[in-house]
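Just so you know, the working numbering puts -5 at position 9 of the sequence shown, and the rest follows in order with no gaps.
Ideal Cβ placement from N, Cα and C applies to all residues, glycine included.
Here the structure is a predicted model, which means the values were calculated and not measured.
Working notes, structure below.
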Amino acid sequence: MLLYASETGTAEGFARKAARQLQKFNSKVMALDEYQPDSLASEKLILIVTSTFGNGEMPSNGKGFLQWVKQQPKGSLDGLNYSVLGIGSTVYEHFCAAGIAVDKALAKVGANCIVPLHKGDEIKGQADTFKQWLDLISRVLGSDETSGDTTTSTGSKLTVSYLSDAEIATIPPVSVEIASVPIIANDELLKEVIPGSRSTRYIVFDISGTDMQYETGDHVAVYPCNLLELVERLCQRMRITSNTYFTAQYVAPDGTTTEDKPPVAVPTTVGQVLGEELDLSLREPFNDLLHYLYSTAKDPQDKQRLETWLEILRLGEDHPDSLTLKKTIADNFMSVADLFDEFPSATIILEALLELLPKQKPRLYSISSSPVLYPNQVQITVGVLQITTDAGKTRQGLCSNYLASLKTGDRVRISLRTSGFRPPADPLAPMLMVGPGTGVSPLIAFLQYREALQKQDISLGEASLYFGCRNHNDFLYGEQLVKWQQQNILTGLEVAYSRLNDRKVYVQTLIQEQSKELWQLLSHPQCHYYVCGDAKMADDVFEVFMTIAKTVGQLSHIEAVEFFDKMKQEKRFFADVWGVQLNFKQAIKQVQKDNYSKAEKWLNRVQQTQEVLVSV
């Protein structure tokens, strides 16, 4: 039994791929919330794939399962064998926390782990980790047949059937799972924008015609659409039209249809799948796509070039030649269509795209509005991502550029996601907020909430905001923030300009310079701290806090750690952070650097702890 917990579909995709490759064992796939936990006692083996959501939480469709397991007595699942694959990103603090929690919970009630927990890192070999995990499971089960090729004679084969006009006429209306809502505002927040340069958008969705409800601090998931130009290029390559309807099913070697669900809901159109369901960006790992192109290429030169690439990639993900090749591919080919155009003799079919391309993930944005003031609106702040690669090609962030291109009245598919990022329950509790750039987004919602409280004659506590940007042109919501400060909704506003003059000033610079005033606020027993933005910025700010706690607060290193741990335990320390990784090599170097830094800090902490014990 293969079980998954997933918010965006990645974990589900791995689970279904594992089931197909372990088909000889009659594997079945279910979401954790579809599975009856009472059946665990009668299972021989379960394999669980889970992502991590929010601040180290299980995805919504896995929370009930984990809670049930934790409530079981020790030894109650002695006869159960299991293994867990956690997936996530080391960019975030709680890397694979959900997988770790499930693994510990099952072990605690007596289940037997046949393959140790594997943690797949999105920025470093997640697909390789999945393959290693599955290979080990296959060996334990007495089989080495876990080929990545799902069309081999040993497994089922995905088969697409195109529908005739008569068949299309009988298709029942498709139920809409994700609501689409109209955009009622899409405005530029920067004071001056040069075409092709940086842009930040203020976007408002109208949710009045839905049953959507949210709380201050929640997220909105936006489901982007691929560029129509990419969709048409792929359709031309496959020699089909985008409005062609099709259905799909897995067929066993004996010709019978299996129970495996196809990668997308069918029947549907080719254009709908390529436009909304599949990720057409070219993302690592490239191996499966290159293998497929090699297997279908007819031109000897195309075949030789692909064979060379594959041989280099087999050297290992950290080999210099492999890293160089992956960077070259990423810098030159922005989409799978670009890669396919490089090898015109290869045959591209829809089945291959459905099997090989990852599902399109929704992008999460912190909501910039409070429902107390705007119950029928969801407002977001979007930095439009666009970079130039070393090869001179322009790589655009899919969702941010998609949103920026929309006009008033256009509809967008969205869903709301609950967050733990909440303003204090007590309006008098002091608030310390750090949110440079678009990180100010949820903090704007907090200040709207405080505005609503003030209008109700409710007394407010202190609220200080540290904002950072390049120059006055980038001061997002500047006029509104100043107005809130004048109204005493915001009692402190500090702005760090990093490109205003020769001196680069960041939020952590201002915090360090104002350490005494900040410690007075931070050490208040009811102070709530909020940081939103880039994960590295959040780490840098925390390092400054640790220094202030030790220098101004006169705390030992251990006492400083305990001070902030207490804030977290009392739910007074909140982080809503993200990390954008656009360059694989740079990402790996950063992870290695961070890991070294963490090890060094750990050794220093151990040494300081020993010194404290000796002094006692």
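Alpha-carbon spacing of residue i relative to residue j, whole angstroms
i     : j    : result
A482  : L451 : 11 Å
E341  : V35  : 19 Å
E218  : F559 : 48 Å
F432  : I444 : 15 Å
D655  : V517 : Residue numbering for the chain in the displayed model covers -13 to 602; residue 655 lies beyond these limits and cannot be assessed.
S354  : D460 : 17 Å
E545  : V77  : 27 Å
C99   : T202 : 41 Å
T477  : V250 : 51 Å
G369  : E465 : 19 Å
Q593  : A521 : Low per-residue confidence applies at Q593: pLDDT is 47, beneath 50, and the placement is therefore not dependable enough to give any value.
L508  : L418 : 7 Å
L299  : A316 : 14 Å
A(-3) : T394 : 35 Å
K469  : D197 : 33 Å
H510  : M44  : 32 Å
Q199  : N172 : 21 Å
L429  : V167 : 24 Å
F570  : K110 : The predicted model places F570 with a pLDDT of 35, which falls under 50 and marks its position as unreliable, so this point remains unresolved.
E303  : Q118 : 14 Å
Y515  : R489 : 27 Å
L216  : T230 : 16 Å
P253  : V15  : 21 Å
L149  : E29  : 40 Å
D580  : Q442 : Residue confidence for D580 is low, a pLDDT of 48 falling below 50, so the modelled location carries little weight; the figure read from the coordinates is stated next. Distance between the alpha carbons of D580 and Q442: 47 Å.
K3    : E337 : 14 Å
Q434  : N474 : 12 Å
A606  : L127 : In the structure as shown, the chain starts at -13 and stops at 602, and residue 606 therefore has no counterpart that could be examined.
Q22   : Q57  : 15 Å
Q440  : Q512 : 20 Å
D551  : L541 : 14 Å
V527  : Q555 : 19 Å
T604  : T380 : The question about residue 604 has no answer here: the residues shown for the chain are numbered -13 through 602.
S321  : L309 : 19 Å
L496  : W505 : 13 Å
A152  : I226 : 18 Å
Q9    : D121 : 14 Å
Under 7 Å between C-beta atoms of residue i and residue j
i    : j    : result
P346 : D396 : The sequence given here has Gln at residue 346, not Pro. Cβ distance not < 7 Å, so Q346 and D396 don't count as in contact.
Q363 : Q372 : no
P348 : Y209 : yes
I604 : V88  : The requested residue 604 does not occur in the structure, where the chain is confined to residues -13 to 602.
I86  : S37  : no
A438 : L359 : yes
L392 : I169 : yes
G519 : G425 : yes
G447 : P416 : yes
L296 : L276 : yes
F39  : L18  : no
V530 : Q500 : no
T374 : S427 : no
G42  : H104 : no
F407 : D562 : yes
Chain-order list of residues whose beta-carbon lies under 6 Å from that of residue i (same chain, five-residue window excluded)
i    : result
L325 : L268 and F319
L33  : L(-12) and S69
D107 : T76
A332 : L279, T282 and A283
G48  : A(-9), L18 and T36
Own chain partners of residue i with C-beta closer than 8 Å, once the 5 adjacent residues on each side are dropped
i    : result
T314 : A377
S62  : A27, V95 and G96
C455 : P422, G423, F461, L462, V481, A482, Y483 and S484
T255 : S228, N229, T230, Y231 and F232
C211 : G261, E262 and Y388
D240 : none
Residues near residue i by beta carbon distance below 7 Å, same chain, minus five either side
i    : result
K289 : Y280 and A283
S185 : E174, L176, V179, V370 and A390
Q471 : L479
Supposed close pair residue i, residue j - CB separation, criterion 8 Å
i   : j   : result
F0  : L71 : 7 Å
L92 : V55 : 6 Å
Q.
For the structure I just gave you, are there three or more beta carbon pairs, one from the stretch 218 to 230 and one from the stretch 185 to 199, closer than 8 Å?
A. no
Q. Are the stretch 198 to 214 and the stretch 400 to 407 touching by the rule of at least three beta carbon pairs closer than 8 Å?
A. yes
Q) Is it a yes or a no for the stretch 142 to 156 touching the stretch 227 to 245, going by three-plus beta-carbon pairs under 8 Å? A) yes
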